[in-house]
Amino acid sequence: MSWLGRLLGQKEKSGTVAKQRLQMVLIHDRSEVSPGLLEQIKDDIIEVIAQRLTIDRENVEVNLTQSARESRLVAEIPLVSRNGRR
Amino acid sequence: MSGKVITITSGKGGVGKTTLTANIAAALARSGKKVVAIDADIGLRNLDVVMGLENRIVYDLVDIIEGRCRLRQAMIKDKRQPELYLIPAAQTRDKMAVSPTDMILVCDQLRQEMDYVVIDSPAGIERGFRNAIAPADQVLIVTNPEVSAVRDADRIIGLIEAEEKGPGKLIVNRLKPEMVARGDMISVEDILDILAIELVGVIPEDESILISTNQGLPVVMTGANGSSAGQAFTNVARRIEGQKIPFLDLTAKGSLLDRMRGWVNGR
Ligand SMILES: Nc1ncnc2c1ncn2[C@@H]1O[C@H](COP(=O)(O)OP(=O)(O)OP(=O)(O)O)[C@@H](O)[C@H]1O
Ligand SMILES: [Mg+2]
């Protein structure tokens, strides 16, 4: 939606909402990965990586993404640099 | 001769499988092909009434499978078309009376005599669905432009691939172009984008479908040129036959009144 539309308080069209909701449910339907399993995987990843590197545990993100009929697991793991430089 | 077996399925119920089966079968027959439609919805027989052949049923699919009649005896000839037949479902039995192997055996026999075997699948993903897709050379998946129907179509597409019956092709039924234009219905492009599947048909919402179903006459047989759904069904049949037919332009511009409402709403 355009910034003008948002400024005027226009609602998102229901057709667009439908598409977005579909994309979200299909990500989980297709991968058979429940949101709960995703959380467990995230904890496991944190444990493994933290054995070797100092990481910012609070800001680790693990998500499922979708392109066409292919799903992938994407992890983003912020590192904390020990000499204080980012 | 080796005919082609086409199964029409959907996952979600009530999206138009039976209506499409009747009309695609009739449209193929009108173009001179030998066609048999099979109602695989055992226990919920419906294709007979949609095709208007309900008064002529003697034997059904389960009678063939259990050896109570020969194949030909259960094939009801539609007298309005030279080579169109129906094999009705059994009404008083359940899906377990038929197995996927039974369906393959019946269809292998039909292939020798017919150009096309069109199977109306029941809704769901259980035995009835598995029976319907087992003999298929091509699976057509029907959806409506709404969240739950598209979600179920996605699941079916996956199951069909897993059964090595893919890739399926998609038919979007009950599209309302004016609602799409207004942004209140998910568009065909969006559905294709999400499902990543080839399209074979877009059928508009059309009152003439209900009217012709009331009369037991598939829309394509009414010869009503005014019916956009009739044309859309015929186009699906032509695409099945391998012709390249452009999709109907369903992007109605809307009435002047609609457009004025659009301006007022800041569109
Ligand atoms: N394009 C259309 N425009 C208007 N009405 C339609 C259209 N397609 C189907 N219908 C109507 O929708 C209803 C359901 O259609 P139909 O019985 O073909 O669906 P189905 O998928 O076979 O259902 P089930 O899952 O119960 O077998 C019927 O009343 C039919 O007339
Ligand atoms: Mg049906």
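Each protein sequence line maps, in turn, to chains A and B.
So the mapping is simple: our numbering equals the position in the first sequence, first residue as 1, plus 6.
So the mapping is simple: our numbering equals the position in the second sequence, first residue as 1, plus 881.
All C-beta atoms in this analysis are idealised placements derived from N, C-alpha and C, irrespective of residue type, glycine included.
Note that this is a predicted model, so its numbers are computed, not measured.
Next on the checklist: Need the endpoints of the alpha helix (DSSP H) that Thr1115 (chain B) sits in, please.
Outcome noted: As a working note, residue 1115 (chain B) is residue 234 in the second sequence. It spans 1109-1121 - the alpha helix (DSSP H) in which Thr1115 (chain B) sits, taken as one unbroken run.
Checklist entry - Residues of chain C with a CB under 9 Å from the CB of Asp62 (chain A): which are they? => result Reference to chain C is not applicable here, since the protein chains of this structure are A and B.
Checklist entry - Quick one: does Lys893 (chain B) have its CB under 9 Å from some CB of chain A? => result Here residue 893 (chain B) corresponds to residue number 12 of the second sequence, with the count starting at 1. It does not; no Cβ of chain A falls within 9 Å.
Next on the checklist: If we define contact as Cβ-Cβ less than 9 Å, is Arg1055 (chain B) a contact residue for chain A?
Outcome noted: The residue you call residue 1055 (chain B) lines up with position 174 of the second sequence. At a cut-off of 9 Å between beta carbons, Arg1055 (chain B) makes no contact with chain A.
Checklist entry - Taking all protein chains shown into account, do 16 or more other C-beta atoms lie within 10 angstroms of the C-beta of Ser1108 (chain B), making it buried, or fewer, making it exposed? => result Here residue 1108 (chain B) is taken as the residue at index 227 of the second sequence, counted from 1. Result: buried.
Next on the checklist: Is Pro1085 (chain B) close to chain A? Criterion is C-beta to C-beta, closer than 9 Å.
Outcome noted: For this step, residue 1085 (chain B) is matched to residue 204 along the second sequence. For Pro1085 (chain B), the nearest beta carbon of chain A is not closer than 9 Å to its own beta carbon.
Item to check | Burial state of Thr890 (chain B), where buried means 16 or more other Cβ atoms lie within 10 Å | outcome: Taking the first residue of the second sequence as 1, we reach residue 890 (chain B) at position 9. Answer is buried; the Cβ neighbour count reaches 16.
Checklist entry - With 9 Å set as the bound, which would you pick, yes or no: does the beta-carbon of Val1020 (chain B) sit closer than that to a beta-carbon of chain A? => result Walking along the second sequence from the start, residue 1020 (chain B) turns up at place 139. Chain A contact via Cβ: absent.
Checklist entry - For the 8 Å Cβ check, are there 3 or more pairs between the segment 1074-1082 of chain B and the segment 19-37 of chain A? => result Contact holds: three or more Cβ-Cβ distances are below 8 Å.
Checklist entry - Nearest CA to the CA of Asn1001 (chain B): which residue from B:Val896, B:Gly1039, B:Ile946? => result Walking along the second sequence from the start, residue 1001 (chain B) turns up at place 120. One point to set straight first is that residue 1001 (chain B) is Asp, not Asn, in the sequence displayed. The shortest Cα separation from Asp1001 (chain B) among B:Val896, B:Gly1039, B:Ile946 belongs to B:Val896.
Checklist entry - Are three or more beta carbon pairs between the segment 970-985 of chain B and the segment 67-78 of chain A nearer than 8 Å? => result These segments do not touch.
Checklist entry - First and last residue of the alpha helix (DSSP H) that includes Ser73 (chain A)? => result Here the question's residue 73 (chain A) lines up with position 67 in the first sequence. Per DSSP, Ser73 (chain A) lies in no alpha helix (DSSP H); the unbroken beta strand (DSSP E) holding it starts and ends at 67-73.
Checklist entry - In chain order, what residues have a CB nearer than 7 Å to some heavy atom of ligand 1? => result A residue is listed when its beta-carbon falls short of 7 Å from at least one non-hydrogen atom of ligand 1; in chain order these are B:Ser891, B:Gly894, B:Gly895, B:Val896, B:Gly897, B:Lys898, B:Thr899, B:Thr900, B:Leu901, B:Asp922, B:Leu925, B:Asn927, B:Val931, B:Asp1001, B:Pro1003, B:Ala1004, B:Val1023, B:Asn1054, B:Arg1055, B:Ile1084, B:Pro1085, B:Glu1086, B:Asp1087, B:Glu1088, B:Ile1090, B:Leu1091, B:Thr1094, B:Ala1110.
Checklist entry - Are any of the Cβ atoms in chain B nearer than 9 Å to that of Asp50 (chain A)? => result Translated into the one-based positions of the first sequence, residue 50 (chain A) becomes position 44. No, Asp50 (chain A) lies away from the interface with chain B (no Cβ there is under 9 Å from its Cβ).
Checklist entry - Run through DSSP, which three-state label would Arg926 (chain B) get? => result By one-based count along the second sequence, residue 926 (chain B) stands at place 45. The answer is coil: DSSP assigns Arg926 (chain B) none of H, G, I, E or B.
Item to check | Proximal residues to Tyr997 (chain B) (C-beta, below 7 Å), its chain only, five neighbours per side dropped | outcome: Along the second sequence, one-based indexing puts residue 997 (chain B) at 116. Spatial neighbours of Tyr997 (chain B) in its own chain (CB-CB distance under 7 Å, excluding positions within 5 residues in sequence) are listed in chain order as Gly884, Lys885, Ile887, Leu909, Lys914, Val916.
Item to check | C-alpha distance - Glu1122 (chain B) paired with Arg1011 (chain B), whole-angstrom precision | outcome: On the second sequence, position 241 is the one that residue 1122 (chain B) refers to. On the second sequence, position 130 is the one that residue 1011 (chain B) refers to. Straight through space, the alpha carbons of Arg1011 (chain B) and Glu1122 (chain B) are spaced by roughly 25 Å.
Checklist entry - Is the beta carbon of Val1020 (chain B) sitting closer than 9 Å to the one on Thr902 (chain B)? => result On the second sequence, position 139 is the one that residue 1020 (chain B) refers to. On the second sequence, position 21 is the one that residue 902 (chain B) refers to. In this structure, Thr902 (chain B) does not lie closer than 9 Å to Val1020 (chain B) by Cβ.
Item to check | Proximal chain A residues relative to Val1031 (chain B), where beta-carbon distance stays under 7 Å | outcome: Numbered from its first residue, the second sequence carries residue 1031 (chain B) at position 150. The CB of Val1031 (chain B) comes closer than 7 Å to the CB of Leu28 in chain A, given here in chain order.
Checklist entry - Would you say Pro1026 (chain B) and Ser1068 (chain B) are within 9 Å of each other, going by their C-beta atoms? => result As a first step, residue 1026 (chain B) is located in the second sequence; it is residue number 145 there, counting from the start. As a first step, residue 1068 (chain B) is located in the second sequence; it is residue number 187 there, counting from the start. Yes, these two residues count as a Cβ contact at 9 Å.
Checklist entry - Using a Cβ-Cβ cut-off of 6 Å (strictly less than) and excluding sequence neighbours within five positions of Met1060 (chain B), which residues of its own chain qualify? => result Counted from its first residue, the second sequence places residue 1060 (chain B) at position 179. Hits under 6 Å: Met1066.
Next on the checklist: Run through the DSSP bridge pairs and tell me what Gln1124 (chain B) is partnered with.
Outcome noted: What you label residue 1124 (chain B) is simply residue 243 of the second sequence in a count that begins at 1. Residue pairing of Gln1124 (chain B) in beta bridges, as defined by DSSP: absent, with no partner found.
Checklist entry - Along chain B, which residues have their Cβ under 7 Å away from the Cβ of Gly42 (chain A)? => result Along the first sequence, one-based indexing puts residue 42 (chain A) at 36. Chain B residues near Gly42 (chain A): none, gap ~20 Å exceeds 7 Å.
Item to check | Under 7 Å (Cβ pairs) to chain A, residues found in the segment 1069-1093 of chain B | outcome: Using a CB distance below 7 Å, the part of the segment 1069-1093 of chain B facing chain A consists of Asp1071, Ile1075, Ala1077, ordered along the chain.
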